[in-house]
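Chains A and B supply the protein sequences, listed in that same order. Under the working numbering, the first residue of the first sequence carries the number 10, and numbering increases by one thereafter. Under the working numbering, the first residue of the second sequence carries the number 10, and numbering increases by one thereafter. Idealized CB from N, CA, C, for every residue including glycine. A quick note: this is a predicted structure, and the numbers were derived from the prediction, not measured. This report concerns only the one structure given below.
There are 2 protein chains.
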Amino acid sequence: MADVAERAGVSPSTVSRTMRGLTSVSPDVRARVEQAARELNFAVSRQASSLVTGRTGVMAVLVPTLDSWFMGAALSSLGPLLREAGMEMTVYVVPDLAERAEFFDRLPARRNADALLVFCFDLTKEETARLDDLAMPVIYISQHVEGRPSVYVDDVAAACKATRHLINLGHRRIAFAHTVNARGFSFSSRERLVGYRQALTEAGIPLDDDLVVTTPPRDKRGTTQAVGNLLSLREPPTAIFAEQDELAASVISTLRTVQIDVPQRISVLGFDDQLMAEWLDLSTVAQSPSDLGRAAAHLALELINDPESDHGRHIVLPTHLIPRGTTAPPPAPPREQEGTDRLSEGTARTR
Amino acid sequence: MADVAERAGVSPSTVSRTMRGLTSVSPDVRARVEQAARELNFAVSRQASSLVTGRTGVMAVLVPTLDSWFMGAALSSLGPLLREAGMEMTVYVVPDLAERAEFFDRLPARRNADALLVFCFDLTKEETARLDDLAMPVIYISQHVEGRPSVYVDDVAAACKATRHLINLGHRRIAFAHTVNARGFSFSSRERLVGYRQALTEAGIPLDDDLVVTTPPRDKRGTTQAVGNLLSLREPPTAIFAEQDELAASVISTLRTVQIDVPQRISVLGFDDQLMAEWLDLSTVAQSPSDLGRAAAHLALELINDPESDHGRHIVLPTHLIPRGTTAPPPAPPREQEGTDRLSEGTARTR
DNA sequence: ATGAAAGCGCTAACAG
DNA sequence: CTGTTAGCGCTTTCAT
Numbered sequence: 010m011a012d013v014a015e016r017a018g019v020s021p022s023t024v025s026r027t028m029r030g031l032t033s034v035s036p037d038v039r040a041r042v043e044q045a046a047r048e049l050n051f052a053v054s055r056q057a058s059s060l061v062t063g064r065t066g067v068m069a070v071l072v073p074t075l076d077s078w079f080m081g082a083a084l085s086s087l088g089p090l091l092r093e094a095g096m097e098m099t100v101y102v103v104p105d106l107a108e109r110a111e112f113f114d115r116l117p118a119r120r121n122a123d124a125l126l127v128f129c130f131d132l133t134k135e136e137t138a139r140l141d142d143l144a145m146p147v148i149y150i151s152q153h154v155e156g157r158p159s160v161y162v163d164d165v166a167a168a169c170k171a172t173r174h175l176i177n178l179g180h181r182r183i184a185f186a187h188t189v190n191a192r193g194f195s196f197s198s199r200e201r202l203v204g205y206r207q208a209l210t211e212a213g214i215p216l217d218d219d220l221v222v223t224t225p226p227r228d229k230r231g232t233t234q235a236v237g238n239l240l241s242l243r244e245p246p247t248a249i250f251a252e253q254d255e256l257a258a259s260v261i262s263t264l265r266t267v268q269i270d271v272p273q274r275i276s277v278l279g280f281d282d283q284l285m286a287e288w289l290d291l292s293t294v295a296q297s298p299s300d301l302g303r304a305a306a307h308l309a310l311e312l313i314n315d316p317e318s319d320h321g322r323h324i325v326l327p328t329h330l331i332p333r334g335t336t337a338p339p340p341a342p343p344r345e346q347e348g349t350d351r352l353s354e355g356t357a358r359t360r
Numbered sequence: 010m011a012d013v014a015e016r017a018g019v020s021p022s023t024v025s026r027t028m029r030g031l032t033s034v035s036p037d038v039r040a041r042v043e044q045a046a047r048e049l050n051f052a053v054s055r056q057a058s059s060l061v062t063g064r065t066g067v068m069a070v071l072v073p074t075l076d077s078w079f080m081g082a083a084l085s086s087l088g089p090l091l092r093e094a095g096m097e098m099t100v101y102v103v104p105d106l107a108e109r110a111e112f113f114d115r116l117p118a119r120r121n122a123d124a125l126l127v128f129c130f131d132l133t134k135e136e137t138a139r140l141d142d143l144a145m146p147v148i149y150i151s152q153h154v155e156g157r158p159s160v161y162v163d164d165v166a167a168a169c170k171a172t173r174h175l176i177n178l179g180h181r182r183i184a185f186a187h188t189v190n191a192r193g194f195s196f197s198s199r200e201r202l203v204g205y206r207q208a209l210t211e212a213g214i215p216l217d218d219d220l221v222v223t224t225p226p227r228d229k230r231g232t233t234q235a236v237g238n239l240l241s242l243r244e245p246p247t248a249i250f251a252e253q254d255e256l257a258a259s260v261i262s263t264l265r266t267v268q269i270d271v272p273q274r275i276s277v278l279g280f281d282d283q284l285m286a287e288w289l290d291l292s293t294v295a296q297s298p299s300d301l302g303r304a305a306a307h308l309a310l311e312l313i314n315d316p317e318s319d320h321g322r323h324i325v326l327p328t329h330l331i332p333r334g335t336t337a338p339p340p341a342p343p344r345e346q347e348g349t350d351r352l353s354e355g356t357a358r359t360r
């Protein structure tokens, strides 16, 4: 910066003012400085300026992985938004428990960011407390933390809606498939199970734990086993609600392998509305990670500029049922119920 | 840091040495300092230290988007690797031409990172030149730039292999579907087209430009049109090589809509081997973005530590054909060729 | 509107 | 093994 000052024949202070776009610089001086800066290929060092301003110009982001539809969409939407605000994004990828412990022990974001966006983690009380004394705004996305700024969709209500759709179609034996230990993703998963149960209870359908199956994420074999458990029940389900589109895709693929028609024999419903849902013509519940990301970033910027503003605000974004081709009324009920259950009569096929 | 020094009863230098893990600190002093640091919730400011060391401890990453299988997998693999090296990752998402111009104009990474990883961009000469005077190692991933460190798969050879697989199955009318303006992703796409043409030429099959169709990325309607163009040809293809799995999925979905069996009537081959390829039982060419990412990061770390080492090195990673259920021999040849083409005889079905 | 000087928090070079 | 001193490159008073 001293070089630029010398070349432009002004003081470092003036260069600084120019680079920051302050108005108190006469047009001709500004032009000279900018010219000199260009010639010398000069750019302000964030390090040095943040040392004195106390601001880093960095938005930190904590994610369990980047290798997922949700994270990809959410973080992509952050890019332009942050650039506009003159900020950069540093990403902490914390895929497993070891890395997680290490992150919360060292808290590398401390002093190196102006705000932290925490995505999709199911945090312990201790972890949340630890983030509290980070001396920067912390925003939680896809989870709600009492008294902290959070941005999420109402997974309970969404899963409830989804299950109700199946009930309205006439289904009574509805399975719920969810992933476990999904790299800290469990928060939403748990909530969706609650919503599923709630809808059944409201409709007077008894809960049956045999209808709730789990599988590791992205594990073809795990899915096969889970589906196998359902197909070997005394009374198998006529519909499967998979808690993620990817899981739904895997379930459908398994069912097709054994020639069980979807949706004629078994309906399948997903959650997310990824691109693949369209290809598969998969009925699902849509949520928008990019909207979540943007809302969180806005909130963060607000809190950075005005730390006194309401820290406890929760933003809840909408979800939508997207009915497509993988959900339909159930096939004709088994014989022993003849005459007692006429709900699906209109569309049921006789054997 | 001064506070910690005072509390521990030592000088700031000693605190600095302790925090950096230098050996020249006696165990008891080290213990005292660490204790004091913990009590005061102290963490070293990267900003301040980089001001004097000249190192930022930051790996910059330039990507067109994060919302893709490739980028997600590649960047996820970087996380732990960088943490181990004590570095952070800042991501520049540059999704369109406006942002791109702005990025290359300002070069925000300058002075704010120790190395830059450039993913998947098809750069102009000017852009490459601009990155050259960034005063840091720049590594190119999924593209090769003359004389600059690059990490990629041989897309030409891979596409050639893939096309050969179709030829070996007996196909002669083989279409190539690729995306255009895919947010700067075009490099690989172009190379794959070259490989496709090369395989055909080697096999003595004449090139037919009508068999090469394009579509915007992730555009269902675009795919439908592209497939429509192929299906309305005087002599439609018996196989379609889609340059990405996602595109292949979309193509298959379109074909199924009009009841064209895959692979009985038309074979479909993808590229990438994403998770979805398994669900769809899609034949494809596998590449590993995480291996690419890791190799690039290693190379970057090497260059940071020894700027004199060979800057022109290119690392080429392998690809593998994954034959699955969407490729098969073509159906019986049309009548006018009766007796002239017996290649697919063994598996062809008579009409 | 511009310049001079002080100092942000840290590390490095030198003494001891 | 530890302390002292001098900046790193910038912004920010405070003058002018």
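Check, Outcome
"What residue does the beta strand (DSSP E) around A:A124 start on, and which one ends it?", "124-128"
"Return the bridge partner residues of A:F250 from the DSSP annotation.", "A:F185, A:L278"
"Using 10 angstroms around the beta-carbon of B:N177, count the other beta-carbons present and answer buried if the total reaches 16, otherwise exposed.", "exposed"
"Within 10 angstroms of the Cβ of B:E255, are there 16 or more other Cβ atoms? Answer buried if so, exposed if not.", "buried"
"Are the Cβ atoms of B:V222 and B:A235 separated by less than 8 Å?", "yes"
"Which residue marks the beginning of the alpha helix (DSSP H) containing A:S25, and which one marks its end?", "21-28"
"Mind listing the chain A neighbours of B:V369? Cutoff is C-beta to C-beta under 7 Å, in chain order.", "Outside the displayed range of chain B (10 to 360) lies residue 369 of chain B, so it cannot be described from this structure."
"When the cut-off is 8 Å and only beta carbons count, does B:N190 lie next to chain A?", "no"
"Give the interface partners of B:Q253 over in chain A, defined as CB-CB distance under 9 Å, in chain order.", "In chain order: nothing, as chain A lies at least about 12 Å away."
"Determine the chain A residues that contact B:A57 at a beta-carbon separation under 7 Å, and present them in chain order.", "L60"
"If you measure beta-carbon to beta-carbon, which residues of the segment 276-290 of chain A are closer than 9 Å to chain B?", "L284, M285, E287, W288, L289, D290"
"For A:S151, return the contacting residues in chain B, with the cut-off set at a CB-CB distance below 8 Å.", "The contacting residues do not exist; A:S151 stays about 16 Å from chain B at best."
"Determine which residues of the segment 76-87 of chain A have a Cβ less than 9 Å from any Cβ of chain B, and write them out in chain order.", "D76, S77, W78, M80, G81, A82, A83, L84, S85, S86, L87"
"State the beta-bridge partners of A:Y161 as determined by DSSP.", "A:V325"
"Ordered along the chain, which non-local residues of its own chain (more than five positions away) have a Cβ less than 7 Å from that of A:R264?", "Here residue 264 of chain A turns out to be Leu, not Arg, going by the sequence shown. Contacts found: V236, V271, I275."
"Please state whether DSSP places A:A295 in a helix, a strand or coil.", "strand"
"Give me the residue from B:L143, B:L240, B:S77 with the minimum Cα distance to A:A52.", "B:L143"
"Beta-carbon of B:A258 versus every beta-carbon of chain A: anything under 8 Å?", "yes"
"With DSSP collapsed to three states, give me the class of A:I176.", "helix"
"By the criterion of Cβ-Cβ separation under 7 Å, what are the contact partners of B:K229 in chain A?", "E287"
"Which bits of chain B does A:T65 rub up against, with CB to CB less than 8 Å?", "Q56"
"Quick one: grab the DSSP three-state call for B:T223.", "strand"
"Would you mind working out which of B:R230, B:E97, B:P226 sits nearest B:T74, comparing C-alpha positions?", "B:P226"
"Quick check: what's the CA-CA separation for A:C169 versus A:L202?", "9 Å"
"With DSSP as the reference, label B:I313 as helix, strand or coil.", "helix"
"What residue range is occupied by the uninterrupted beta strand (DSSP E) comprising A:T99?", "97-102"
"What is the DSSP secondary structure of B:L289, reduced to helix, strand or coil?", "helix"
"Check the Cβ-Cβ distances between A:R120 and every residue of chain B, and say whether any is below 8 Å.", "yes"
"Quick one: list the residues of chain B neighbouring A:L116, beta-carbon separation under 7 Å, in chain order.", "A52"
"Quick one: grab the DSSP three-state call for B:M68.", "strand"
"DSSP state of A:I150, grouped into three classes?", "strand"
"Could you pull the DSSP bridge partners for B:L330 from this structure?", "B:V294"
"Along chain B, in chain order, which residues have C-beta atoms closer than 9 Å to that of A:S262?", "E287, W288, L289, D290"
"Counting along the chain, where does the alpha helix (DSSP H) carrying B:F51 start and finish?", "Run containing B:F51: none; DSSP gives neither H nor E here."
"Contact between the segment 75-95 of chain B and the segment 72-89 of chain A: three or more CB pairs below 8 Å?", "yes"
"Using 8 Å as the Cβ pair cut-off and three pairs as the minimum, do the segment 12-23 of chain B and the segment 41-48 of chain B touch?", "yes"
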